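FYI, the numbering for the sequence shown is 1 to 409, going by our numbering.
This report refers to the structure that appears directly beneath it.
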Amino acid sequence: MKFFYYLALKIYEIIICFFSNFNEKARFFRNGRKNIFEKIKKNVPKSEKKIWFHCASMGEFEQALPLIEIIKKEFPEMKILLTFFSPSAYEIRKNYKNADYIFYLPLDFKKNAKKFIELTNPYLVFFIKYEFWFYYLKILKEKNIPVYLISGIFREDQIFFKNYGKWFANILRNFTHIFVQNKISLKLLEKIKIKNVTIAGDTRFDRVADIVKINKNFDLIEKFKDNKKILIAGSTWKEDEEILIKYINNTKKKLKFIIAPHEIHKENINRILKKIKISKIAYSQANEKNIKNKNVLIIDNIGMLSSIYKYGEISYVGGAFGKGLHNILEPATFGMAIFFGIKYKKFQEAIDLINLKAAFSIKNFENFEKKINEILENKNLLEESSRISKNYIIENLGGTKKILKKIAI
């Protein structure tokens with residue numbers, strides 16, 4: 001099985017190299033890992049006491065954030081080493097102020113894992129949610145370096161729990177302790193005789209609660225709102241935008257719209273603006289005079305979305321017609337009714353909020369139109385969704401403290 005693992009990684013590496021000639025993300029992935037060991041050797045003193053956090057992408061980074069920030073505050077002498085697998089996360093967060101060192105994670109070949117751990121010499125390690133790298137985990141265990149999985153979530157259909165998945169299940173045995181989001185995950189791990197498990201919930205709840213406390217204000221958004229209801233669509237993809245734009249162009253409801261697409265390059269922003277038939281503007285072109293009479297605002301920058309949800313009453317979160325749903329906890333913490341597509345079943349918070357009737361999965365435009373109009377026409381329904389969303393966040397706080405209680409730093 002080890003050979004097939006190596007082969008899969010090697011094929012992945014070759015594919016990335018090929019696509020890097022004409023795909024920006026693949027190019028970032030390849031170039032970001034060039035001469036990485038020389039960079040580490042030059043910039044990271046081995047003698048420092050450091051805690052290593054590894055996140056695949058932005059969602060996992062959001063889960064790591066509350067823990068990083070508490071550790072940095074309570075143990076200022078500790079250095080934070082942060083690694084990413086995904087270029088989209090690295091490029092956005094490469095200047096994150098609470099991490100002392102930020103790198104791409106070299107691919108999980110034995111020689112890479114050995115050299116990375118040897119050069120960085122971490123005191124403690126946190127992998128986030130779905131990070132199960134065979135050689136990194138094996139070498140960390142061999143060196144007696146404590147390594148924890150946080151915000152882990154497991155499903156019965158994963159390979160760890162199949163008759164043929166023993167090799168993969170053994171990877172999990174390298175963790176010093178596993179912190180999971182729910183009871184289902186705990187029971188699944190117990191079935192394969194993994195006992196070092198604690199239910200700590202999802203640390204993103206602590207993260208989104210902090211966003212409310214920060215309470216960033218945007219004067220232009222205030223002007224745009226003009227005391228009207230707003231639907232805020234975050235991290236949208238083309239499939240989401242087709243549904244939203246059709247609704248925007250045809251609705252007679254007194255409703256304004258903010259769209260923050262996942263892809264913010266100029267061509268995509270122009271494509272969206274061109275398809276919208278009512279008054280619209282991109283945020284970068286807006287000012288106090290021209291924004292107030294607009295009905296649609298397109299956010300063409302990174303970093304605003306989580307803070308502007310407070311200006312809306314209804315949210316639409318993208319991704320669930322493609323690879324998977326983006327962050328719905330951010331709109332939930334501001335007490336919004338939440339809409340998204342059909343691919344949500346890997347996300348516990350989506351399942352919970354649907355069951356609580358604060359979130360709604362939609363299959364197509366007709367389905368979306370019917371449900372959103374129902375909510376807009378029923379003030380009590382909208383208020384109840386808002387109350388449930390807020391309470392759901394409050395009831396699930398505290399995961400970060402549970403983890404810290406269990407770990408000796």
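Quick reminder that beta carbons are idealized off the backbone N, C-alpha and C, glycines included.
Small disclaimer: the values here were computed from a predicted structure and weren't measured.
Where does residue i land, buried or exposed, given buried means 16+ other C-beta within 10 angstroms?
{"i": "Met437", "result": "Residue 437 lies beyond the range of the chain shown here (1 to 409); nothing can be said about it."}
{"i": "Arg30", "result": "buried"}
{"i": "Glu349", "result": "buried"}
{"i": "Tyr104", "result": "buried"}
{"i": "Asp108", "result": "buried"}
{"i": "Phe257", "result": "buried"}
{"i": "Glu377", "result": "exposed"}
{"i": "Ser151", "result": "buried"}
{"i": "Ser279", "result": "exposed"}
{"i": "Lys225", "result": "buried"}
{"i": "Phe154", "result": "buried"}
{"i": "Ile394", "result": "exposed"}
{"i": "Cys17", "result": "exposed"}
{"i": "Ala320", "result": "buried"}
{"i": "Ala286", "result": "buried"}
{"i": "Ala8", "result": "exposed"}
{"i": "Lys187", "result": "exposed"}
{"i": "Phe368", "result": "buried"}
{"i": "Ile342", "result": "exposed"}
{"i": "Ile14", "result": "exposed"}
{"i": "Tyr12", "result": "exposed"}
{"i": "Lys79", "result": "buried"}
I'd like the list of long-range same chain contacts for residue i, defined as Cβ closer than 6 Å, with 5 residues on each side in sequence excluded.
{"i": "Glu62", "result": "Arg204, Arg207"}
{"i": "Leu305", "result": "Gly234, Ala260"}
{"i": "Gly165", "result": "Ile159"}
{"i": "Ile299", "result": "Ala260, Tyr283"}
{"i": "Lys253", "result": "Leu376"}
{"i": "Asn295", "result": "Lys256, Ile278, Ser279"}
{"i": "Pro66", "result": "Thr203, Asp206, Arg207, Thr400"}
{"i": "Lys413", "result": "Outside the shown range of the chain, which is 1 to 409, sits residue 413, and nothing can be said about it."}
{"i": "Lys110", "result": "Tyr135"}
{"i": "Phe365", "result": "Ile243, Lys246"}
Please identify the residue among the options whose C-alpha is closest to the C-alpha of residue i.
{"i": "Gly32", "options": "Gln348, Ile102, Lys294", "result": "Ile102"}
{"i": "Ala418", "options": "Ile15, Thr400, Lys25", "result": "With the chain represented from 1 up to 409, any question about residue 418 goes unanswered, as that position is not in the structure."}
{"i": "Lys49", "options": "Phe134, Leu81, Phe339", "result": "Leu81"}
{"i": "Lys266", "options": "Asn301, Lys345, Asn295, Lys253", "result": "Asn301"}
{"i": "Lys115", "options": "Lys94, Ile139, Asp100", "result": "Ile139"}
{"i": "His177", "options": "Asn249, Phe161, Ile145, Glu156", "result": "Ile145"}
{"i": "Asn215", "options": "Ala8, Lys310, Phe3", "result": "Lys310"}
{"i": "Lys213", "options": "Ile372, Gly341, Glu330", "result": "Glu330"}
{"i": "Ile248", "options": "Leu297, Ile264, Asn290", "result": "Leu297"}
{"i": "Tyr6", "options": "Ile342, Tyr392, Ala113, Glu366", "result": "Ala113"}
{"i": "Asn391", "options": "Asp157, Asn35, Leu356", "result": "Leu356"}
Could you give the DSSP three-state label for residue i: helix, strand or coil?
{"i": "Tyr148", "result": "strand"}
{"i": "Lys50", "result": "strand"}
{"i": "Tyr316", "result": "strand"}
{"i": "Ala233", "result": "strand"}
{"i": "Lys183", "result": "helix"}
{"i": "Phe340", "result": "strand"}
{"i": "Ala26", "result": "helix"}
{"i": "Ile128", "result": "strand"}
{"i": "Thr120", "result": "helix"}
{"i": "Ile298", "result": "strand"}
{"i": "Val208", "result": "helix"}
{"i": "Lys213", "result": "helix"}
{"i": "Pro45", "result": "coil"}
{"i": "Ser361", "result": "strand"}
{"i": "Leu273", "result": "helix"}
{"i": "Phe134", "result": "helix"}
Tell me which same chain residues have a C-beta within less than 7 Å of the C-beta of residue i, skipping the five on either side of it?
{"i": "Leu59", "result": "Checking the sequence shown, residue 59 turns out to be Gly, not Leu. Asn327, listed in sequence order."}
{"i": "Ala64", "result": "Phe53, Cys55, Phe126, Ile128"}
{"i": "Ile410", "result": "Summary: the structure shown does not reach residue 410, with the chain confined to residues 1 through 409, and so no result is reported for it."}
{"i": "Trp167", "result": "Met1"}
Relative to the ligand SAM, is the shortest distance from any of its heavy atoms to the C-beta of residue i smaller than 6 Å?
{"i": "Met78", "result": "What this structure holds is no ligand at all, so the ligand SAM is not there to describe."}
Kindly list the residues whose CB is nearer than 8 Å to the CB of residue i, restricted to its own chain and excluding five residues on each side of it in sequence; keep chain order.
{"i": "Lys345", "result": "Ile351"}
{"i": "Lys183", "result": "Ile199"}
{"i": "Ser57", "result": "Phe84, Phe85, Ser86, Ser88, Ala89"}
{"i": "Asn196", "result": "Phe175, Thr176, His177, Ile178"}
{"i": "Leu220", "result": "Tyr283, Ala286, Asn287, Glu288, Ile291"}
Assess contact between the stretch 387–405 and the stretch 329–340, defined as three or more Cβ pairs (one per stretch) separated by less than 8 Å. Is contact present? yes
Mind the definition here: the stretch 34–54 touches the stretch 114–134 only if three or more C-beta pairs lie below 8 Å; say whether that holds. yes
Measuring CB atoms only, is the stretch 167–182 touching the stretch 355–367, in the sense that at least three cross pairs come out at less than 8 Å? no
Below 8 Å, how does it come out for the stretch 310–322 and the stretch 232–248: are there three or more Cβ pairs, yes or no? yes
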